[in-house]
Amino acid sequence: MIETQTTENKENLDVIEAIAHLRQLTQVNLQNHWHYCQENLDISQVNHFPNGDLGHNWPIAELNEKAHIAWSAKKEVIWLTQTIAIPPDLQGYPLAGFSLRLALLWWAEDAQVFANGELLQSGDLFDCNVRILVSQTVVPGEKITLTLRLVSPGHDPGALVRSQLIYQPADPQEIDPGFVADELTILWKYLQNYAPDSQELIHLFKQQIHLINWSAVHHRETFNQSLGLIRENLRSLLSQIPNIPHKISLLSHAHLDMAWLWPISETWTAAQRTFTSVLNLMKEFPDLTFGHSTAALYEWIETHRPDLFLAIQKQVKAGRWEILAGLWVEPELNIISGESIVRQLLYGQRYCLAKFGQLAPVAWLPDTFGFCWQLPQLLTQGGIQYFVTQKLRWNDTTEFPYSLFWWESPDGSRIFSLMSAPIGKDIQPVEMAEYAMDWQQKTGINHALWLPGVGDHGGGPTREMLEVAEKWQYSPFIPQLDCTTSEAYLQQLSQEKISKNLPIWQNELYLEFHRGCYTTYGRQKQWNRRCERLLYEAELFSSLAQIIGDLPYPKAELETAWKQVLFNQFHDILPGSSIPEVYEEVNQSWQKAERVAKNILDRALKAILHQIDLPQPPRVDAKLIVIFNSLNWSRSEVLAVDLTTISAAGKSWKVYDRAGEEVRSQLTENSLLFYAADISSIGYNTFWLVGDINPDIPDSVNQPVGAKHSRMNLPDQVKTYLRECFAPTNFDKNNQDLPLILENDLLRVIVDPETGNLQSIFDKVNQREILSDAGNKLQAFQDSGQYWDAWNIDPNYAEHPLNPPVLKAILWEEYGPIQWRLRVIRELENSEFVQDYILQIHSPILKIATSVDWQTPHMMVKAAFPLNVTADMATYEMPCGAIARSTNPQTPAEKAQWEVPGLHWADLTENMPKMPKIASETVAHQEEKDTYGVSLLNDCKYGYDAQPNQLRLTLLRGSTWPDPNADFYHHKFTYGIYPHGGSWQQAKTVRRGYEFNQPLLVQLFDHFPELHSPISEKKLPSKVSFLDLSAENLILMAFKPTEDNYEAKQWILRCYECHGQATEIQLESDLGLKIDGSVDLLEQATPSVNLDIFPWQVRTFRIV
């Protein structure tokens, strides 16, 4: 048996050697023969060396262990040159009359290829795999000097990965030994994969290999005849191999990032170049089909290149150009809001319908860094039928288990989903056949889809690719090649019986890679969160102002602002993974969107104010305060009235409610704090600000260590309490013995005077200490060594902790009766963290307002909260819902989720009742236990990790590529800790998260005679609720006019169910608004007429 196996191995080796020998008849490896110089020369200098040397006095470049020619990073130049003499034959095989191509693969930021000093082709990091025609017909003895100028990337060493000469017959009908070698390789792989036990078929194949007439290699025609005979014989063998793939459909593609390692302005140039190239190739190759995404890109082409756009429209109509632009851009889809995803679809699909006469049925998202679980629901409601990505092929830990599957959202919505072939590929028949085999073995489907075309920086298919494809169409050994669209391909698959038996994926599509993108470049995340909020508020109150006072709705302004935000959500912009020039452009558009939204919001609020019939002020000189609530529930909150905008000198200020009763308040350095209670759902309440002359205000009330002198309007009993609890006014700042305590009616918080950490958070309502160890511990780690610096956190970062922060100072800023604020200043490496612990009256949340002067590269900082709760699952907010992830991972896929995304909050709750994973799932009766938890809120952060008894929020990273200064600036953000009895649903954590991010809006009027004047048309009382959805588990996403007729008296109301519990919407409105039907995300009527809302469902209604 051993002898048999040895013989079989020898025969297999003979097959491999024979195929390699065939390739050597027309192909030459050049890697070992390049001379190099690392001076930054001009080609004219290279061409004019003394005695015509052309650089051959340069040393020979050495190969590394990968057989690459490598050189250092940071845009270093290397020149490579060698002179080839065309031989009469290779291995005896005559070459006369053949064409010559140079095949290169490089890793270089810039590349130029010369032959005899003439530029043949240029390329870059993305157009890096080329086959260049050097000579149409070679002449034996001819000398050709090949020269390469390569520039290494700024972030990575450069490399010439592969260099090869390929001789090909000029007559396409003539047999090419290299072509036959590829055919034999494919057939050999078929046998190994589909008939490994069929000794008869394998023996027949090996017999044919042995029939190659090597003795006739010097006689091309005779030798080729032997190859032709073998091919014919092997065709019959091919028909005996069971279940081999029978078709590969081609959809040419050019992935074009809207920005990345180039500025946005360059994207437009790349798009024009790519689209022009494709349109020209379509004239030469009548079967060519091409697909491209991104409605924003088409809109730019329409505006700036109408001629090009018209040509695209014609090819779309002809069915050869597929519009894959159902979303405005290919966005980041873990950290944007649910409404942002809706707008990506709304504006993308409306554009497709308006300009191309059709909706885009395919969500084409090949490069987005993971996908939130609610995406199937949102896509299907947005007219999308199919979802395509390939990004999970990048996983660093596990292989995603399915290539074709149904992806199901928590509400039960499903979308037909494809994990496609990789993008940016060449027409490489062996690689294509291998992919088709892998696809067939995973899916049982004999028809695969291949996506050829240069990508990332555009490019698309090349003439060389298409010529190779044409040649291989006549080979029987590769699956049949044709051109198609993704829609046609997916439609065929979805209609086959196999679609009924596909696996169902009921979870997010988590990318086990690029985990740093939840945190990198915090300013971008902050801009995004802020603009999402402002656009929501601007639309909401502009719509209400239109209803109340006929204020014209600023549709064009808002749509432009939305599109700016949507563009900036592109998957290489918002994650923080672009070059500095991109952010110079992007920051301006963020600011413009913010400015537009603020102005529109301000106009709308003023228009509403003019419709309020104000109550009698407590004094003639009283100043009006109107508090607006943009959330769909009544809420109470501590507010600050900015006193710097009014004449405040020499006055003591008080706040009165609309009934004339004084409201408890606290005077700080520049503002007056007061507790605004019961502000109506999507409504407002009115208050009055009154100033008294010559008040008796103490300069300070017994402030502890390092106290900042504040002016406070405190009741006598509070002053007495503070004197008893703390130290006298003239306290010695070196005395650290006094307790650092913040306390209200719900929480008692103690700060450690040695570290500035939280020593204790005691829940007075539930009589529980929530911390098991020091809380808000700033944990720093070395985070370096990753090639994808901005994208990836070092998987082993926990093994590289840095020194804890050094406490610099603790000082009181404010305390009681409305707000306590204790400042802690710490230094971590060379970055300063200033954190204010803030506790407000009646608030169950301890806020931590943070200001950081970040100066530390390749450091990551997390805020850790070890807790006296233990839970197997942590829950995180995601767009339009929540997702539970394991804190005690068991499977490799669970262990790979060591850093995860969340929106406003994460929660750890012990004895959490089991929730259905999806709406249709039922859960058995569970024994009631004491349920208790802690939520961690934030106002602009997205990266979390959790253990059974710990929550951590990732605050900052220090990546330096591709933007060397990404996070090196002054940061301001706030997070908060929220202990609660019961589950996160019972504690209304979702509402607390929205309140944390959307504070009440304060409008102060110093002079308002026009508001006092008696106007008979005034319609509104001094307190109003414009909209109330009644159910506590519904979140308003949008209220706006309809898109098609925004001047009519019809509006759109969108909401989602946030607790995983069915409910019913009951619209209550002081304006008499009513629900008039259900629509989808594109505002088209749906069959549903009921008001029921299923668990996790997004519903959109038409309002009249």
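In this note's numbering, the protein residues as written are 13 to 1116. For glycine and all other residues, C-beta sits at the position ideal for the given N, C-alpha and C.
- Where does H45 sit, in a helix, a strand or coil, going by DSSP? The DSSP-derived three-state label of H45 is helix.
- Rounded C-alpha distance that separates A719 from L626: The pLDDT assigned to A719 is 35, lower than 50, so where the model puts this residue is not dependable, and the model offers no usable value.
- Cβ-based neighbour list, S5, same chain, cut-off 7 Å, excluding 5 preceding and 5 following: In the structure as shown, the chain starts at 13 and stops at 1116, and residue 5 therefore has no counterpart that could be examined.
- For S352, which three-state DSSP category applies? Secondary structure at S352: helix, using DSSP grouped into helix, strand and coil.
- Query: Between Q729 and the rest of its own chain, which residues show a CB-CB distance below 6 Å, the 5 nearest in sequence each way excluded?
  - Reply: In this prediction, Q729 has a pLDDT of 40, which is less than 50 and means its spatial position is unreliable; what the coordinates show is noted afterwards. Short of 6 Å from the beta carbon of Q729, and not among the five residues preceding or following it, lies no beta carbon of its own chain.
- Task: Use the C-beta contact count for S251: other C-beta atoms within 10 angstroms, 16 or more gives buried, fewer gives exposed.
- Result: Around the beta carbon of S251, fewer than 16 other beta carbons lie within 10 angstroms, which makes this residue exposed.
- Which of helix, strand or coil does DSSP assign to I28? Helix.
- State the DSSP-derived secondary structure class of N513, mapped to helix, strand or coil. In the displayed model, N513 falls within a helix according to three-state DSSP.
- Task: Can you tell me which of the three DSSP states K820 falls into?
- Result: Note: K820 maps to strand in three-state DSSP.
- Message: 8 Å is my cut-off, CB to CB: does G955 come that close to chain C?
- Response: Checking the listed chains, one finds no chain C in this structure; it contains a single protein chain.
- Query: When you compare only the Cα positions, how much space is there between H167 and Y48?
  - Reply: Cα to Cα, the separation comes out at about 22 Å.
- Message: For the beta strand (DSSP E) containing K789, name the first residue and the last one.
- Response: Run containing K789: K789 to Q794, per the beta strand (DSSP E) assignment.
- Range covered by the alpha helix (DSSP H) that runs through Y447: Where Y447 is concerned, the enclosing alpha helix (DSSP H) stretches over P441 to T455.
- Reducing DSSP to helix, strand and coil, say where D1104 ends up. Three-state result, D1104: strand.
- Query: With K780 and N880 assumed to form a contact (beta carbons below 8 Å), what rounded beta-carbon distance in angstroms separates them?
  - Reply: This sequence places Arg at residue 780; Lys is not what is there. Between R780 and N880, the beta carbon gap of about 7 Å places them in contact (Cβ cut-off 8 Å).
- Query: Can you list, in chain order, the residues of its chain whose CB lies under 6 Å from that of S248, leaving out five sequence neighbours each side?
  - Reply: Taken in chain order, the list of residues that qualify is empty.
- Message: Suppose you measure from the CA of K1119 to the CA of L1085; what does that come to, to the nearest Å?
- Response: The chain is shown only over 13 to 1116; residue 1119 falls outside these bounds and no answer can be derived.
- Query: Helix, strand or coil: which one does DSSP assign to Q133?
  - Reply: If DSSP states are grouped into helix, strand and coil, Q133 belongs with the strands.
- Message: I believe R835 touches I822 by the beta-carbon criterion, under 8 Å. Please report the beta-carbon distance rounded to the nearest angstrom.
- Response: Indeed, because the Cβ distance is near 7 Å, the residues count as touching under 8 Å.
- Item | Contacting residues, own chain, Cβ-Cβ under 6 Å from K454 (five flanking each side not counted) | Taken in chain order, the residues that qualify are S415.
- Query: What span of residues does the beta strand (DSSP E) with G955 cover, start to end?
  - Reply: Element bounds for G955: G955 to Q959.
- Message: Can you tell me whether M890 is helix, strand or coil according to DSSP?
- Response: Collapsing the DSSP output to three states places M890 in a strand.
- Query: Should the region 35-46 be regarded as contacting the region 67-85, the criterion being three or more beta carbon pairs within less than 8 Å?
  - Reply: Taking 8 Å as the limit for Cβ pairs, the verdict is that the region 67-85 does touch the region 35-46.
- Got a sec? Which residues, its chain only, sit under 7 Å from A32 by beta carbon, not counting five neighbours each side? Excluding five sequence positions before and after A32, none of the CB atoms of its chain fall closer than 7 Å to its own CB.
- Task: Under 6 Å Cβ to Cβ from R670, same chain only, skipping five residues before and after it: list those, please.
- Result: If we look at R670 and ignore the five residues flanking it on each side, its Cβ neighbours are P627, T698 and S1034.
- Task: Could you pull the start and end residues of the beta strand (DSSP E) that A918 belongs to?
- Result: Looking at the DSSP string, the run of the beta strand (DSSP E) that includes A918 is W917 to E922.
- Report the partner residues of G695 according to the DSSP bridge assignment. According to DSSP, which records beta bridges pairwise, G695 is partnered with N641 and S1037.
- Smallest Cα separation from Q1078: which of T288, L1046 and V1091? The residue from T288, L1046 and V1091 with its alpha-carbon nearest to that of Q1078 is L1046.
- Item | Run of the alpha helix (DSSP H) containing V1002, from where it starts to where it stops | It spans T1001 to N1009 - the alpha helix (DSSP H) in which V1002 sits, taken as one unbroken run.
- Comparing the CB of W119 with every heavy atom of the ligand NAD, is any distance shorter than 7 Å? What this structure holds is no ligand at all, so the ligand NAD is not there to describe.
- Task: Figure out for me which residue from D975, G994 and R143 has the closest Cα to the Cα of E593.
- Result: Nearest option by C-alpha distance: D975.
- When you compare only the Cα positions, how much space is there between S175 and G135? CA-CA distance, S175 to G135, rounds to 15 Å.
- Tell me where the alpha helix (DSSP H) around S506 begins and ends. Residues S498 to Q507.
- Message: I'd like to know whether the C-beta atoms of T868 and E844 end up nearer to each other than 8 Å.
- Response: Not in contact: T868 and E844 (Cβ atoms no closer than 8 Å).
- Query: Whose C-beta lies closer than 6 Å to the C-beta of L502 among residues of the same chain, with five residues either side of it excluded?
  - Reply: If we look at L502 and ignore the five residues flanking it on each side, its Cβ neighbours are Y398.
- Task: Give the DSSP bridge partners of C1067, in chain order.
- Result: For C1067, DSSP records a beta bridge to L1048 and R1111.
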